[in-house]
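Input: a single structure, listed below in structure tokens.
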Amino acid sequence: MARVNLYAAARAAAGAELLEIEASTLGILIEKLTSKSSELAKLLPTCSYLLNGESCEDLNRVLAEGDNIDVLPQFAGG
């Protein structure tokens, strides 16, 4: 099971700071997050993802038990 840390607008959309989700790949994890709320589903395509602290754009990346995924919405402002 992966630990998903949600930040800023993603946290607000999910109504949670931390979720634990069973998924074999990053893409499947994102699909499962999408099903949690329509607001989160709209936000996720523009988010960045960190896997164990490193940027990950590969949706086919295999996840291991205990992996940490950070979901980072786009930041605005200066």
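No gaps in the numbering here: position 75 of the sequence shown is 75 in our numbering, and each next residue is one more.
Here a beta-carbon is modelled for each residue, glycine too, at the ideal position from N, C-alpha and C.
Keep in mind it's a predicted model, so treat the numbers as computed, not measured.
Original post:
Taking the alpha-carbon positions, what's the Glu65 to Met1 distance?
Top reply: As a first step, residue 65 must be located in the sequence shown, where it is residue number 65. As a first step, residue 1 must be located in the sequence shown, where it is residue number 1. Taking the straight line from one Cα to the other gives about 5 Å.
**OP:** From the DSSP output, read off the bridge partner residues of Tyr7.
**Re:** Position 7 of the sequence shown, counted from the first residue, corresponds to residue 7. Paired residue(s): none; Tyr7 is not in a bridge.
Original post:
Looking only at its own chain, which residues have a Cβ that is under 6 Å from the Cβ of Ile21, when we skip the five neighbours before and after it?
Top reply: For this step, residue 21 is matched to residue 21 along the sequence shown. Excluding residues within five positions, the ones whose Cβ falls inside 6 Å are Ala2, Val4, Leu29 and Lys32.
Subject >> Asp70 - partner residues in DSSP beta bridges >> reply: Start at 1 with the first residue of the sequence shown, and residue 70 comes out as number 70. In DSSP, Asp70 forms a bridge with Asn5 and Leu50.
Original post:
So what does DSSP say about Leu43, is it helix, strand or coil?
Top reply: Working through the sequence shown from its first residue, we reach residue 43 at position 43. If DSSP states are grouped into helix, strand and coil, Leu43 belongs with the helices.
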